[in-house]
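In the numbering used here, the protein residues as written are 630 to 1095.
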Amino acid sequence: MKLSIVILAAGQGKRMKSDLPKVLQPLAGKPLLAHVIDTARSLSPAAIHVVYGHGGERVRSALDATLAASANRHSWVLQAEQLGTGHAVQQALPALADDELALILYGDVPLIRAETLRTLIAAATDSTSGAAMGLLTVMLDDPTGYGRIVRDAQGRVRAIVEQKDATETERGIREGNTGVMAAPVEYLRRWLGNLRNANAQREYYLTDIIAMAVADGVRVAPLVAPTVAEVLGINDKIQLAEVEAENRRLRARELMTNGVTLVDPARVDVRGSIEVGRDVEVDVNVVFEGQISLGDRVRIGPNCVLRNCRIADDVTINANCVLEDAEVGKGAIVGPFARLRPGAKLGAEVHIGNFVEVKNSSLGEGAKANHLAYVGDATVGARANIGAGTIIANYDGANKHHTTIGADAHTGSNSVLVAPVTIGVGATVGAGSTITKDVADGALAVARGRQVAIEGWKRPAKTPKK
Ligand code: UD1
Ligand code: MG
């Protein structure tokens, strides 16, 4: 059976007390809804329909900008007025075909796992017993706020009763509705057409279709969610932080499962995808964003942020470094307090020390910039030594220019290399020089005022007052 996914994301999220629509609130640096769409995509459905309403254009443009380009595009379905979850699914019906299975997800339940959804879909499409309804439920210590799953004496699901419509006895039921369902579209179309809003909230409840399925003799296949975390819905900032913590815990566990030593799993954030080698060690307060790969024996000190980086084997990144769109070669040492900006490419055994910034530059094997330097738009040869306080003046106020520093060249402390300029192989720049012309291979360039000594010089004396 073909699969189409409908994601409900039209709710306002009043309890967020935020100008940002609920489904755009960030979890691990990415809008809640983007998490759900990514999971939906991983099931390779025929189509993904996102029902939106509150936040309208803002939701659409934020999501279209956030999500990676994919062949599996989603389409947007407007629910102009939020009349309930059943009404929301109804808006997507014109886009669904009768021979499809519709999987319904919530835009504010971000940790739902693809594996659980596959099990639910399998239960709903079990070929021996014919098409059925799949219903994902959850066992809760405190089911307050959830729709309750009403089962008969044989344990068969009969209906879902919303908290506000439930009797005292029904409120005692601990099995809650997660909201996630899989339903054959041909039935869904009929049932949704029969929904009424004669209930406590005057809403068209999606949950009412369960009793309709039972009345029509359509099998309801319940699946109790393997973990509570994956079905947690987010309504306020407290739940947002709780799900963030849960996500952090899960991602840290993945790292440890892959052999990474984490000094404190509660103090590492993975906000993207990460590949790791063997015997990687990560100290506290490290944030990984975007796509990261770490080679074998990489060590990352405390308080580092890495975004879209490739770090080769045996690299040490010391405390307090920020690396973005950077590549670090085997055995290199970075930091403490270093910043690698987009386009920084460090060769093997390069040393980048404290208060050094590297942008759009490649440094050859064994090159060093150990203290207080700016290396921008440069090609630096192997073993070159960039002295403390060396600044590459790459920007003339209008355009950026390139600098080439040859292999084995040394730049003295506090030198300014005014781009475009070339420092030759093995050349030396004297401390305090402002270099505006190319320096030949092996030459020494000194460009500073000469030191003058005046013997016996007298300081001015104060003129006595009259
Ligand atoms: C819903 C379920 C409840 C379940 C709970 C799980 C119904 C009637 N109730 O209740 O059984 O236990 O979720 O969290 O389905 N939405 C729209 N358009 C609407 C209304 C809602 O898109 O008109 C979206 C919301 O943005 C949200 C989701 O549907 O993502 C659920 O809506 P919400 O109002 O939170 O439903 P609950 O009352 O929590
Ligand atoms: Mg809710």
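Glycine included, C-beta positions come from ideal geometry on N, C-alpha and C.
Coil, strand or helix - residue i by DSSP
i: GLN868; result: helix
i: ASN876; result: helix
i: GLY1177; result: Past the boundaries of the shown model lies residue 1177; the chain is included only from 630 to 1095, so the question cannot be answered.
i: MET810; result: strand
i: SER647; result: coil
i: TYR1024; result: strand
i: SER690; result: helix
i: PRO655; result: strand
i: MET841; result: helix
i: THR886; result: helix
i: ALA753; result: helix
i: LYS974; result: strand
i: THR773; result: coil
i: ALA697; result: coil
i: ALA743; result: helix
i: LEU835; result: helix
i: LYS793; result: helix
Span of the alpha helix (DSSP H), counted from its first residue to its last, around residue i
i: GLU1132; result: This structure leaves residue 1132 out entirely; the chain is present only between 630 and 1095.
i: GLN920; result: Looking at the DSSP string, GLN920 is not in any alpha helix (DSSP H); the run it does join, the beta strand (DSSP E), is 915-923.
i: ARG848; result: Where ARG848 is concerned, there is no enclosing alpha helix (DSSP H), given that its DSSP letter is neither H nor E.
i: THR668; result: 661-670
Exposure of residue i, with buried meaning 16 or more beta-carbon neighbours within 10 Å
i: THR798; result: exposed
i: VAL997; result: Note that residue 997 is Lys in the sequence shown, not Val. The residue is buried, with at least 16 neighbouring Cβ atoms inside 10 Å.
i: GLN1080; result: exposed
i: GLU729; result: buried
i: ILE1021; result: buried
i: SER673; result: exposed
i: GLN783; result: exposed
i: VAL1058; result: buried
i: THR773; result: exposed
i: GLU832; result: buried
i: ILE1083; result: exposed
i: ALA961; result: buried
Cutoff 8 Å; reference residue i; Cβ partners in own chain excluding five residues on either side
i: ALA726; result: LYS631, SER633 and VAL814
i: VAL857; result: VAL767, MET768 and LEU769
i: ARG818; result: LEU722, LEU725 and ASP727
i: SER704; result: ALA676, ILE677, HIS678, VAL679 and ALA724
i: ARG689; result: TYR681 and TRP705
Sequence-distant residues of the same chain with beta carbon closer than 7 Å to residue i, five excluded per side
i: ASN823; result: MET841
i: ALA639; result: VAL680, TYR681, GLY682, HIS683, GLN708, GLN711 and ALA717
i: VAL847; result: ALA761, MET762 and TYR816
Delimiting residues of the beta strand (DSSP E) encompassing residue i
i: LEU712; result: Unbroken run through LEU712: none, as it is neither H nor E.
i: ILE863; result: Per DSSP, ILE863 belongs to no beta strand (DSSP E) and is neither H nor E.
i: ALA731; result: 729-735
i: ILE940; result: 934-940
i: VAL1009; result: 1007-1009
i: GLY906; result: Neither: GLY906 is in no beta strand (DSSP E) and is coded neither H nor E.
i: THR1033; result: 1032-1034
i: ILE1052; result: 1050-1052
Cross-strand partners of residue i (DSSP beta bridge)
i: GLY763; result: ALA811 and ALA850
i: ASN983; result: HIS1000
i: VAL680; result: LEU637 and VAL706
i: HIS1039; result: ASN1014 and THR1057
i: CYS950; result: DSSP, once it has assigned bridges, lists no residue as partnering CYS950.
i: GLY804; result: At residue 804 the sequence reads Glu, which differs from the Gly that was named. Note: GLU804 sits in a beta bridge opposite MET768.
i: ASP898; result: VAL916
i: ALA1074; result: VAL1058
i: LYS1029; result: TYR1024
i: GLU956; result: ARG939 and LYS974
Contacts around residue i, its chain only, beta-carbon distance under 6 Å, and the 5 residues preceding and following it disregarded
i: LYS988; result: ARG970 and GLY1005
i: ALA752; result: GLY763, ALA850 and LEU852
i: ALA1017; result: HIS1000, LEU1001 and SER1042
i: GLY1061; result: ASN1043 and ARG1077
i: CYS938; result: ILE921, LEU952 and ALA955
i: PHE984; result: PHE966 and LEU1001
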